[in-house]
Structures are given as C-alpha cells and as structure tokens.
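Comments concern the structure below.
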Amino acid sequence: VSCLDIDGLDMITLMTDFGTTDTYVGIMKGVISGIASHVPVVDLTHAVSPQNVLEGSARWETVCDYFPAGTVHVGVVDPGVGSKRSIVLVQTERAFWLAPDNGLLTMILNQELVHRVVRLTEKATPYCLPQVSATFHGRDVFAPIAAHLAMGLTPEALGDEISIESLVRLPETEAVWTQNAHEMHVAMRVLFADRFGNLILNLRHEDWQARAGKQTHLAVQAVSTEDDKLPLREISRTFADVAVGEPLLYWGSGSRLELALRDDSAAHRFRLAAGSPLTLVCHRH
Amino acid sequence: VSCLDIDGLDMITLMTDFGTTDTYVGIMKGVISGIASHVPVVDLTHAVSPQNVLEGSARWETVCDYFPAGTVHVGVVDPGVGSKRSIVLVQTERAFWLAPDNGLLTMILNQELVHRVVRLTEKATPYCLPQVSATFHGRDVFAPIAAHLAMGLTPEALGDEISIESLVRLPETEAVWTQNAHEMHVAMRVLFADRFGNLILNLRHEDWQARAGKQTHLAVQAVSTEDDKLPLREISRTFADVAVGEPLLYWGSGSRLELALRDDSAAHRFRLAAGSPLTLVCHRH
Amino acid sequence: VSCLDIDGLDMITLMTDFGTTDTYVGIMKGVISGIASHVPVVDLTHAVSPQNVLEGSARWETVCDYFPAGTVHVGVVDPGVGSKRSIVLVQTERAFWLAPDNGLLTMILNQELVHRVVRLTEKATPYCLPQVSATFHGRDVFAPIAAHLAMGLTPEALGDEISIESLVRLPETEAVWTQNAHEMHVAMRVLFADRFGNLILNLRHEDWQARAGKQTHLAVQAVSTEDDKLPLREISRTFADVAVGEPLLYWGSGSRLELALRDDSAAHRFRLAAGSPLTLVCHRH
C-alpha cells in the first residue's frame, strides 16, 4: 500500500474561455492527473467571453482570498496563442498565477503583494508535453506546468525572473475621480456582467472609503450611462432594500460596486457590457 | 508523510441557481477545500432557474438514494439572502441537507425520514467565514459550514433543535385526486422541465400504485393542459414505444410521472414550465 | 486510520448528452462514489448534441492520448436506451471504453489498438444497481460498472468476449479522395463544431501526409460547401496568420483539419453542422 501524502499536494484552479461544450477542459484535467494524480482541480469558470482579457482579469480577482495557500491558478484567455506572446508565472503571498502575458494578470498585480515573476523560457520545455501544438497551449503547456508546480517544482526551474513592471497591463482598469465644489464624479467602467445581469464595476470599496470617507457630506445622486441617468440616492445593503424591477447600487461580494435591477437584468436593460463607461455622480453639501 | 484518513471523510454536493458563468461556485469549492481538504465535492446542478424554490426542491429530491451515507447536500436557491430568513440543517437517515428555510426542503421532508432539524444561530458563527457579506452566503456561510460537517462537526454545535413542523413548506406540491363513478381526475403540476424539455410532474409512482392499484379497471385516457387535450391511452415504458414526435407518459428515473415528446421538447410545444397545471384523466369501466 | 491506496485507483471520465442543467450527471457521480470512493471523475463534456452519436464519437477521439493508463471512459449518447441495444466494453492499449453498441466507439476503433471487446450479459447484473430503470442506464448500469472497473474488476466478469468486427460502426467517417491529372478532391464531412464555431473535419493529419506527401506539387485551392466556394491557398499554422473575419484551414489540436473564421463562427456563417459535406480542392502542377 502506498499512501497519499496530502501535505505535498496543492490545489489547481482553471479559468478559461473554452466553454464546457468541448472536451478541452477535460483534456487539461487528464494531462494534470497524469502528472499530479490526486491533486484537486477546481473550475473557476470556463465562460469568460471569448478572448475578453479584461473580463478574465476581473473574474480572476474575485477568487484571491478564498483558496488555500499554495494554490496554482491557471488562466487561459489567450488570443495570442501560437504567436510570440510570453507565458508568465506570478507568485503572490498565497498563490501562483500562470497566464499569458497579455494583461490577464492586471487585477491580480493591482491587488496582491507580488513576490516573484518568472517569464517561461526553454527551461520549461521538459515540463511541457513532448509535442506543443500551435493552438492548444492549455493542454500542452499550461496544464502540465501547473501540475508540476502543484507537485513542488520551483518557479526558477521554468525560466528567468523578470521585473513586475515589464508585465503587460490593461489600461483604464481603475475608476477616475474628478471633483469640484459641489459634485464628485467617478468615471467607471463595467468589468463584466454576472449570470443575473448584475454589472460589476471598477470601483473598489476600499478606494471609496479612502476617498469618500474624507468628505464630511457626500451623497450618491445618480448613475449616468450613455443612454440613461438613474437617480440613485444611496448604496444599498441588499436586494431586499428596493422594490422588484428597481435599480440599486451595492457593494458586491467581491468588494466592488455593482449596479443591478432587482429580479431583472441590468446588463440587458441598460445595454451595458464589459468595458462600457458609466459615471457615478455624488453631491457634496 | 501524513496520510489521508478516508474513513473520516464524507462527501459534499452543491445545488444552486448561480450558473457556471461566474466564479461563485468555484469560490465555494475554494472555501470548502481550505477547511476540508480532499473532501470530494460534486455539482448536482447550478442551473436551477433563478430563485425558483419549487424547481430546486424537486431537483434535490432526485438525488436522495444515490449518494453515500453521510453526504452533506448544500442547496442555495435563496431569494431572501441578506434578509432575516433562517438557515436550517435537516438530518435524514442517510444524509445532511443544509438550506435556507424557504421551502427548498419541501420535497425532502415529504419523502425522507427526518432524524433532526437544527436552525442555525449565532453558535454557528465560528464555523462561518470571519466576514459574512449580505449577498453571498453560499461562500460565507453554506460552504464553510458544510465543510465542517463533512469533517465531523455535530449538528447541535450549529444552533437549536426545532420541530419539523416549524419549517417553511411550499404549497401544492402533491397531486390531487378526484373521482366519480366513471372517471378519475388527477390535478397535477409541472415541477420542472429537464434539458430535453421532458416535463417532470408531481405524481409519484408509489402514490399511483396505491390509488390506481385498488381500481379494478382504470385506464389512462388523456392529459389536459390549459391549451391542449392529448389523448394518451397508456403509461409507456420507454421512448421507443411511440413514434418520433408523438407524446408519451412514462415513469421517469426519479419515480415521477413525466410527459414528453419523442425527439422533441414537450415544454416548448405545450408551453409548460415549473408550476403549470395539467390534469390526468382516467376512465373506470 | 485507514489509508487511501492510490496505486489501486484509476480514473473515470464521463461523456454524455445529458447537459448540466439536470442532476443526471451529479447522480452518476454519487453512484460512482458509493462504490469507488475517491476515484477521480472528470467530465469530458455533457453537451454532445442530443442523441448525436457521430458527434460523440468524434469528441471521444480527442481525449485518447491525454489520460493516464487505465482510465475508464464512459460514453452515454444512447438513443436506444430501454431497447435491446447492447452495452459493450472495449479495452485498448491504455484505456477502457464503456458505451452502448450504437457506433459511439467508431472513431476509437479506427484509431486505437484494441485488446479486447466484451458484450455485457446478465453476468454484469451484480455490478449494476439493484433496480435498473428503462430510461437512465447512465445511473443504473454505466456508473456502477465503471466504478467497479476502476476498482479492479476484470472485463470478463461482465459478459462474453466478442470480435471487434461485430461492433456497430458509423458510415462515412473517413474522408474520400478522388484525383485526376490536375486536381485532387477530398470529400469530407463536418464531425462537430466547437464552442467557437470552428468546424472539425473528418480528415486526419496523418492521412493527409500519407497522401499529399507523395505528390511532388499539391497546393490547396479552395473549400467547397453546398452554398459557398472559399478560395484558400494554404493550410495555416495559427489564427494570427489571417486577418480578422477571414477563413482559414489549419490542423487542429486533435490532429484533424479544421475550418474556421478568425474571431467569428464558421459554423454559423457557412451554415454547417455535424454531418454536413464539404470538399477540399487541391491543384497538382
């Protein structure tokens, strides 16, 4: 009897834009299990909109605090697969993040304390599948490397350490504040819409508190989109605070401001999607 | 080497209306694995129609007999999240059922032998995440408590024992029989439509046998919906018993009467969904 | 403490047309875990088009090389459930394949070295659930038998060995080559469309190399569908080789020719689905 040493095992998560209609995700799990038998693999989501790096980056951020230390997070939203884009490994205080260097790491870099960044080189070749295709690096590169990392491989074995500044970052991922004597405007963007059509925005609760907390009198007045101006007098605590069909702002479970309609889809009603601009108008008095 | 003691491990299942587009389900699994590393987690479904407690209750019933003893079933169809609704734990002969007290347990209570019901109180707080949000109890309450239960926590540690009668139950979940000299009418409702558009109805095989078994001559004649009257002369054994495109009644894999069209969607053709009424007409002669 | 003997454990994969809306797949996993606790179960896909045996067969082929030796692959695309169709177990060099004998194994038989074929008989009854329904053999037959196989049951225990020639095979699964002095025509079919609308075709890279490699001068000229004739001068290496919206041919990750549109759906634009015919026109000079 050979026993399973659970101390030596980490966990792997997968986030892709592959969907679950095809066998792509299952094949990645097969490759992982061939190397790291019995390492648990958790699906974060495979429904990132195809090639939408902003959405992937924002979805990834939601999981930071909720997985055990040492988890290897694999993100494959990779329009440049087969081209010369790099693959990088970022080690933060609690986790590893393996991704193409195309901006997918932006939100993690903004939020987490980074210990080390490694750009994969040919040193990583022995840890990939023997044949690397031009179109499916999830199977041939990301899955086997994640499995080796979960089994204890050190990041330096995969390539060269690089500076955090050299990584690709997405523009306009943070809200922009402008103020005059009477009003504060926060120019925001939609990061993604969740299944219910709730819109997750690029304004963090901690940033709001740092800014709005200094204002003695700051009251939410409205949210403006290109087409609509919604009078909203407060940030609600929960959906039950408004009537069915009414809009509300609230701090979502990921500590970001969200715009929703009770029992309806805000994304659909207001015609907003990842990247859409909107403005939070606050009054000072 | 520390070995995995598989005798001490149970299994957890998840049923939600969260969908799999978002990271919500993955995050719940991350929380579980931080507490109960290597407890297997099985997805029952995350596609319950948003906030449809009747559908969730009926879907949950289908799994009762097919999981190992000691399984912890977690159900999060929870329109009242953030309000004062309770969370309850029901222990049946073979399993634990953790759910909001909103009717989601109705079908389990109707069918299973209940050993104990505990309403969660502040005693449960040490087993939740340190910060409990107003909108995502799946992550902050249900996941960590299920993980602790799977690791052996006793139900009493979570709150106060209450009577089964004090739980919220959904109305009209059982078929209603009316009869005269020549006909038997069974007023039924659709519980849910499955992926193929087959309609699962609230008439159990055991109830049919108990009632119809006593009739010396009882023949199925028709199914009436609000819009259609379908002549159906028998309860079929399998789809192959009727021609392509034809309707049939049969006892489904969950021991409930189902109405289907061979190679087509009955839900779509007859415009029926969870809650829709229909009547089974039988003839006595 | 009783330890988990990981040497004695294999892996199980599931491919069905059940979808993930319903609890069917979760129930299969419950049955498996009751017999083979802690055997990992991987979902290949549950989104095979309902009852589309050709699509299922082609999707199954993609996973052959990527799972550990000894994996038990379960395929349930089974329009004949409840009728007299057989269930068969095929043992190849690296894996077991459990499926209805309806053609679902065609691509595996075409590609893999078969060691043994067993047709399930009443010998298998002790390894099924006690009650076998007429409609859900995935739960009552496939899941428990796969679990017993993963725990080490030998195939002979399940039925009688039969010849590979006696298995049902789908027609027209291989491309047909015709040539004259100046042109080579390859009559192909679409096997399935992936999530992105890329069309996977029934022409293998190895067959192309064996045939086209002998031609001193063979140049791709066009792809003809019933409605369109697309001038395509080469087989590309990756999507980045063509402009956005343009069509391309390339060898997919499963070593089959694929037809795609960069950043668009070829399935939708060209109105092609599983089974649709199309022709690859090549020029000799």
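Residue numbers (my numbering), protein chains in the order written: chain X, 13 to 297; chain W, 13 to 297; chain Z, 13 to 297.
Cβ coordinates follow ideal geometry from the N, Cα and C atoms, glycine included.
Item	Value
Residue 39(X) at chain Z interface by Cβ criterion, 7 Å	yes
Entirely enclosed alpha helix (DSSP H) segments - the region 20-64 of chain W, minimum 4 residues	36-47
Buried or exposed (CB count within 10 angstroms, at least 16 for buried), residue 71(X)	buried
heavy atom of the ligand FAD below 6 Å from residue 159(X) C-beta	Judged by which ligands are present, the structure shown has none, so any question about the ligand FAD falls away.
Alpha helix (DSSP H) runs contained entirely in the region 242-283 of chain W, provided each spans 4 or more residues	278-281
Same chain only: Cβ atoms within 7 Å of residue 144(W), ignoring 5 sequence neighbours per side	152, 153
The region 69-84 of chain X touching the region 106-125 of chain X, judged by at least three CB pairs closer than 8 Å	yes
Cβ-based burial, residue 190(X) [other Cβ within 10 Å; buried from 16]	exposed
Proximity test, Cβ basis, 7 Å: residue 59(X) and chain W	yes
Completely contained beta strand (DSSP E) runs for the region 108-192 of chain Z, where each covers 3 or more residues	126-132, 171-173, 188-191
Candidates 162(X), 76(X), 170(X): closest to residue 99(X) by CA position	170(X)
Within chain W, the residues that residue 78(X) reaches when beta carbons sit closer than 8 Å	39, 42, 43, 46, 151
For residue 378(Z), the residue or residues it bridges with in DSSP	A query on residue 378(Z) cannot be resolved here, the shown segment of chain Z reaching from 13 to 297 and no further.
Where residue 296(Z) sits in the DSSP three-state scheme	strand
Where residue 62(W) meets chain Z, residues with beta-carbon distance less than 7 Å	Here the premise fails: no neighbours, minimum Cβ distance about 13 Å.
Residue 94(Z): contacting residues in chain W (beta-carbon distance under 9 Å)	249, 250, 251, 252, 253
Rounded distance between the beta-carbons of residue 182(W) and residue 115(W), thought under 8 Å	4 Å
Proximal residues of chain X, C-beta to C-beta of residue 23(Z) below 7 Å	45
Beta-carbon proximity check, residue 241(X) vs residue 234(X), cutoff 7 Å	yes
Buried/exposed call for residue 255(X), threshold 16 Cβ in 10 Å	exposed
Backbone CA spacing between residue 91(Z) and residue 63(Z) [nearest angstrom]	5 Å
Residues near residue 173(Z) in its chain [Cβ-Cβ closer than 6 Å; skip 5 each side]	130
Nearest candidate by alpha-carbon position, reference residue 210(Z), set 180(Z), 24(Z), 264(Z), 200(Z)	264(Z)
With 16 other Cβ atoms within 10 Å as the buried cut-off, status of residue 41(Z)	buried
The region 199-216 of chain W contacting the region 274-285 of chain W, beta-carbon criterion three pairs below 8 Å	yes
Beta carbon proximity, residue 51(X) to chain W, threshold 7 Å	no
Residue 221(X) - partner residues in DSSP beta bridges	According to DSSP, residue 221(X) bridges with nothing at all.
Per DSSP, the bridge partner or partners of residue 201(W)	289(W)
Boundaries of the beta strand (DSSP E) in which residue 214(Z) is found, first to last residue	211-216
Below-7 Å beta-carbon distance, residue 131(Z) vs any chain X residue	no
Residues that residue 169(Z) contacts on chain W, provided the C-beta gap is smaller than 7 Å	Those within 7 Å of residue 169(Z) in chain W number zero; the least Cβ separation is about 23 Å.
DSSP three-state assignment for residue 195(Z), whether helix, strand or coil	strand
Proximity test, Cβ basis, 7 Å: residue 236(W) and chain Z	no
Residue 74(Z) - containing beta strand (DSSP E), residue span	Segment: none, residue 74(Z) is in no beta strand (DSSP E) and carries neither H nor E.
Length of the line joining the Cα atoms of residue 139(Z) and residue 195(Z)	56 Å
Residues that residue 145(W) contacts on chain X, provided the C-beta gap is smaller than 7 Å	265
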